[in-house]
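Chains as they are written, first to last, in the numbering used here: chain A, 9 to 213; chain B, 9 to 213; chain C, 247 to 495; chain D, 121 to 347; chain E, 121 to 347. The C-beta atom is built at its ideal place from N, Cα and C for all residues, glycine as well. Please read these numbers as outputs of a predicted model, since none were measured by experiment. Everything below concerns the one structure shown next.
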Amino acid sequence: MLQAESLTCLRDEEALFAPIDIDLPPGHLLVLEGRNGAGKTTLLRALLGLHPLTAKSLHFRGTDVLRERHALCSGALWLGHLLALKGDLTVRENLRYNLAIGDEDAAEDVDELCANLGIAGYEDTPTRSLSAGQRKRAALARLAASRRPLWLLDEPFANLDGPGMAVVERLLATHLARGGSAMLTSHGVLPITLPATTVRLEHAR
Amino acid sequence: MLQAESLTCLRDEEALFAPIDIDLPPGHLLVLEGRNGAGKTTLLRALLGLHPLTAKSLHFRGTDVLRERHALCSGALWLGHLLALKGDLTVRENLRYNLAIGDEDAAEDVDELCANLGIAGYEDTPTRSLSAGQRKRAALARLAASRRPLWLLDEPFANLDGPGMAVVERLLATHLARGGSAMLTSHGVLPITLPATTVRLEHAR
Amino acid sequence: MNPVWRWFHQLGSPPYFYRFATRWMPWFGISALLLTVIGMYLGFVEAPADYLQGDSFRIMYIHVPAAWMSMFIYGVMALNGAIALIWRIKLSELLFLSCAPIGAMFTAITLITGMFWGKPTWGAYWVWDARLTSELVLLFLYFGVIGLASAYDDLRQGARAAAVLALVGVVNVPIIHFSVKWWNTLHQGETVRIMGKSSIDSSMLWPLLIMALATKLYFVFALLLRTRSALAEQERGKQWVREAMVEAA
Amino acid sequence: MTALRPYQALLARDLRLAFRRRADLLLPLGFAVLVVLLFGIALGGTPERLAPVSAPVIWVTVLLAGFLSLDGLFRPDVDDGTLDQWLAGPTSIVGLMYAKALAHWLLYGVGLTLSTPLLAMLLNLPVDLLPVMLAALAIGTLGATQIGIIAAALTARLRRSGILLALIVMPLYLPLLIFGSGAVDAVRLGESPKGALLLLAAQTVLLLTLAPPAAAAALRIGSDNPP
Amino acid sequence: MTALRPYQALLARDLRLAFRRRADLLLPLGFAVLVVLLFGIALGGTPERLAPVSAPVIWVTVLLAGFLSLDGLFRPDVDDGTLDQWLAGPTSIVGLMYAKALAHWLLYGVGLTLSTPLLAMLLNLPVDLLPVMLAALAIGTLGATQIGIIAAALTARLRRSGILLALIVMPLYLPLLIFGSGAVDAVRLGESPKGALLLLAAQTVLLLTLAPPAAAAALRIGSDNPP
Ligand code: HEM
Ligand SMILES: Nc1ncnc2c1ncn2[C@@H]1O[C@H](COP(=O)(O)OP(=O)(O)OP(=O)(O)O)[C@@H](O)[C@H]1O
Ligand SMILES: Nc1ncnc2c1ncn2[C@@H]1O[C@H](COP(=O)(O)OP(=O)(O)OP(=O)(O)O)[C@@H](O)[C@H]1O
Ligand SMILES: [Mg+2]
Ligand SMILES: [Mg+2]
């Protein structure tokens, strides 16, 4: 799915971390580790073209991403620190809009997505009036509807309670079983039991 | 330090969770547990008068908080989901301002605080250019300088890496040893080994 | 407790106010209607035409009472706003909110009748004279109060925020009243005086006073009506509202 | 028309966000009336003094009211991560910009144009100038929206850009203002407003073809994806 | 003076945030010059036509430039949690409001007043009116800041409040505007501006005593702490 050789991100024209190699086949999970400020968030954003990166080679499903920067954008679903929810709109409206703008399956039933994520009953609540964890769940509901092969998730477990983490684990398991791949960042002990490769970002020098 | 009987928070005039009793003596740690949306964040805010609450009695160091709502404000230090850092100002400037506005000890050495929190070298970086975890550390640096007896910490471990969590644990240990108390919210397994009482927020009915 | 104070305290309790409003509302409504009919008849049929302005002066019987009400209601509103801010009494918040649209209506009537009166007398619908401008400002203050209150999700927070604005805007009311004295304006000076002699003939004065009383009664009627339904809406979960509904049905 | 789905979704979302607070829809009108009021009182207020300046004052007021809404055009989308999602997603940013521009014009341009008769009355604008004023404003606000969308995109990532935004927008508004008041002046002097209106329309068409792609490019600045 | 330390810290922070982007300090001036230019052009531009309206246009411009800065007065502090920290802390909110108001006036009121000679030149304002204009603006902007701080506090927690802000602020600006241009007019008509200036000063003093506590009360709305 995603192969990279000697990949690193640039900040002020300097490498942020020692170059890493990535080999993420379909159906696999990759965990990005590293201390605070190691460059995990930056790496995910850089893959999507939101930051400069350098690499000997970088391929996504056979396409050379270094040449066609746009290739990853239509094949990857990214959830960052910011959740891209409009506080004034309800969970349902936010989800509908997110699915449409990402060109995901239109037929998805929003009530079902919410039930999956454990926020049933909040479909018509403005996201402004949700707790931190509920808001995270609303953002994660996109995953359940997504058919994109690669998921890039930045700290997907932050703010979630135990059952919430289990939901994310289930979503990941289904996705991997369908032949998708995922790359996620997390701190400390991973609260899930899925098999995963770990890549650690270390100081550049 | 903090005693409460039959305490609960109101949202739209309804109790958010089943009334709880709190007894937090000096030198002790209390962990608030509960599912996403249980009301942990709301409870901390309500103690500080940012939300309505009801209680049979609520005392802070002998003062009746229900009568004198302001009593807790000068004795408690609160860190919420929002970090109250100005992205345009450096870590040093943010810290200086935070200490002055909270009327904390003016003599504190900012370089030392930063070194304590593991963000030495970032003193003169605008907080906008910090990673999520580094920003959290900058916000937590206030704790190291604070002389207020009660700490109210909302998910203090979120976004931190392993060493970061250890730093917070050390800060807490010093604070408790000095006779201070702390109340914190957290999800899943607490990543620290300090002895703590747990209070769980359950559905109101 | 002094009986007057006790009555106020009782009135502040939602169920008592609801019953009070239900009982007295019709009386205020009916007497307002009656007085309006009498005032209109006296003003528009009986009173002699003005030697200068002909019949256009009859707009006065709507214009002047409406103008007085626009300021009076602002005062009542600000007073309730102050009570709501200081003692956080729910009923004052609702009374405060109910005043705004009624006051805005009277202000709009003042402006519109004034404009139609201005065309024959001054030759223009609108001039930027101090009284006219300050009355327009009053309209915007009412709009500001309504807009700010509705911009908040929480009704009570909205009411208190709007109350701060209403109190700040109180300075405008004396400006409206004294504008004709402070600046030389096109607008009519003070004609009707409570103390001393009014510079208006009594055959013209009487209908005006009747209309003034009618508008006051109408205001109380509209205020009770609006506050009553807002109260029932806000407390709809409560036992006494359900009882009152059953009673009404 | 599934190809249009993302753009429709954005248009619907922007309109919905605006309608969520219904009072907001009347507020541009309120602002315009207030600025007119400030000018009325500041200029002393007699009809003879007001009439000659009323058309320009209306133009400036409408442009200012539209201008005030620009800060909210992209800022919320930047702050909550929506913009990053657009840039990281498969949808054409140029298309999204057209949807944004349409929503903005529907919400502000149309509303302000329709409120002109009221402003005109307050300022004693001669009634026979009203039709040409309305036509010029309808075209002009469409152009102004395009200018606004470029400026808002350029300043979207900056903090406290309010006044920088003004600095970018005002000079670009000038040609619209010149031909817009020109058309009204022409009618007052008994000439045909056709020339001025045509030039105004030509500018608007030019802006319509240039502005959304320019705005898309501006949003890409700071991200690594080529436009 | 340790009792003043929190307020000094807030004042210093606000000034520092403004100075961090030095360009921002010149931007109000840039905005004012542009509005004046728009009017100059819209009004046809001959000196005879401009001179009588120049004083009111300057007043309106200065008030608008100050007004545009209001949205940034509390919004950032609400968004990043600073406001909640104030409300949850030991420091007097009224005191913080005085610090905020002082910072805002130093940044906008003083800057705009100092730029008036330039605006006056662009608009052919008679030179002998300049001193009274400057005095009136210095006093008037201090009052306008107080009005602004109330309005900004009232709308701080609302989304997209720009135009609601205008609705609140403009009517309250009017008395300042009336006496402010009144003073200039008095000098033009050869009378003494003293009365108008005194009334302007009286208003400003009244606002200075009322506004910061009112703003503090407004910020407390939504919190459970009594004001
Ligand atoms: C849009 C235009 C007008 C507005 C906004 C307006 C506003 C007001 C207001 C606010 C008052 C109450 C003042 C007070 O009691 O302190 C008033 C009173 C009055 N107005 Fe007007 N007015 C307008 C036009 C006119 C015109 C054209 C006339 C007739 C020439 C007129 C005649 C009067 C009279 C006779 C009173 C009673 C004065 C007194 O007894 O104090 N008004 N108006
Ligand atoms: N601004 C708000 N307006 C209305 N309701 C809200 C608001 N914020 C939170 N709530 C509701 O109040 C409840 C408690 O929220 P709170 O943020 O206290 O939960 P929490 O225990 O901190 O959850 P989390 O673990 O997700 O942070 C939730 O059900 C939420 O939907
Ligand atoms: N906007 C920015 N401008 C400049 N430097 C930045 C910016 N954001 C982050 N950095 C720097 O880049 C480095 C990597 O940041 P990044 O956010 O990628 O870290 P991270 O691994 O995600 O950390 P965390 O675990 O704290 O989220 C950090 O040292 C940080 O100081
Ligand atoms: Mg990160
Ligand atoms: Mg929480």
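Between residue i and chain E, is there a C-beta pair that is closer than 8 Å?
i: M290/D; result: yes
i: V180/D; result: yes
i: V426/C; result: no
Pop quiz: residue i and residue j are said to be a contact at Cβ under 8 Å. What is the actual Cβ separation, rounded to whole angstroms?
i: P332/E; j: M217/E; result: 4 Å
i: L317/D; j: A273/D; result: Rounded, the Cβ-Cβ distance is 28 Å, inconsistent with contact.
i: S277/C; j: L463/C; result: 5 Å
i: L209/B; j: V176/B; result: With 8 Å as the limit, L209/B and V176/B do not qualify as a contact, their Cβ atoms being about 22 Å apart.
i: L61/B; j: P164/B; result: That belief does not hold up - the Cβ atoms of L61/B and P164/B are roughly 22 Å apart, past 8 Å.
i: L284/E; j: A397/C; result: 6 Å
i: T205/A; j: L38/A; result: 5 Å
Quick one: grab the DSSP three-state call for residue i.
i: M121/E; result: Legend: pLDDT at M121/E = 48, less than 50; position of this residue unreliable, value from coordinates given subsequently. The answer is coil: DSSP assigns M121/E none of H, G, I, E or B.
i: A306/D; result: helix
i: R19/A; result: strand
i: G369/C; result: coil
i: G300/C; result: strand
i: F1/A; result: Nothing can be reported for residue 1/A, as the shown portion of chain A is limited to 9 through 213.
i: V193/E; result: It should be pointed out that residue 193/E corresponds to Leu in this sequence rather than to Val. Correct three-state label for L193/E: helix.
i: G61/B; result: The sequence given here has Leu at residue 61/B, not Gly. Strand.
i: L74/A; result: coil
i: I288/D; result: helix
i: I421/C; result: helix
i: I270/D; result: helix
i: A545/C; result: Since the displayed chain C opens at 247 and closes at 495, residue 545/C lies outside it and no answer follows.
i: W179/E; result: helix
In terms of DSSP beta bridges, what is residue i paired with?
i: M191/A; result: L38/A and L160/A
i: E481/C; result: According to DSSP, E481/C bridges with nothing at all.
i: Q11/B; result: D31/B and H67/B
i: V207/A; result: L40/A
i: T98/B; result: P134/B
Could you tell me whether any Cβ in chain D is nearer than 8 Å to the Cβ of residue i?
i: Y235/C; result: This structure leaves residue 235/C out entirely; chain C is present only between 247 and 495.
i: I100/E; result: Residue 100/E cannot be examined here, being either before or after the span of chain E that is shown, 121 to 347.
i: S82/A; result: yes
Indicate whether residue i and residue j have their beta-carbon atoms separated by less than 8 Å.
i: S301/D; j: W179/D; result: yes
i: V107/B; j: A152/B; result: Here residue 107/B turns out to be Leu, not Val, going by the sequence shown. No, Cβ-Cβ distance for L107/B and A152/B is not below 8 Å.
i: H59/A; j: A140/B; result: no
i: R78/D; j: D132/A; result: This structure cannot speak to residue 78/D, because chain D is shown only from 121 to 347.
i: L287/E; j: G349/C; result: no
i: H36/A; j: S189/A; result: yes
i: A12/A; j: S82/A; result: no
i: L40/B; j: T201/B; result: no
i: L341/C; j: L459/C; result: no
i: A219/D; j: L131/D; result: yes
i: V310/C; j: L454/C; result: yes
Within 8 Å of any Cβ in chain B, is that where the Cβ of residue i sits?
i: A208/E; result: yes
i: P171/A; result: yes
i: D191/E; result: no
i: A129/E; result: yes
Give the residues of chain G in contact with residue i, contact being defined as C-beta atoms less than 9 Å apart.
i: A354/C; result: The chain labelled as chain G is not found among the protein chains of the depicted structure, namely A, B, C, D and E.
Under a CB-based cut-off of 8 Å, is residue i close to chain A?
i: G201/D; result: yes
i: A276/D; result: no
So with Cβ pairs under 8 Å, would you call residue i a contact of chain C?
i: L157/D; result: yes
i: P332/E; result: no
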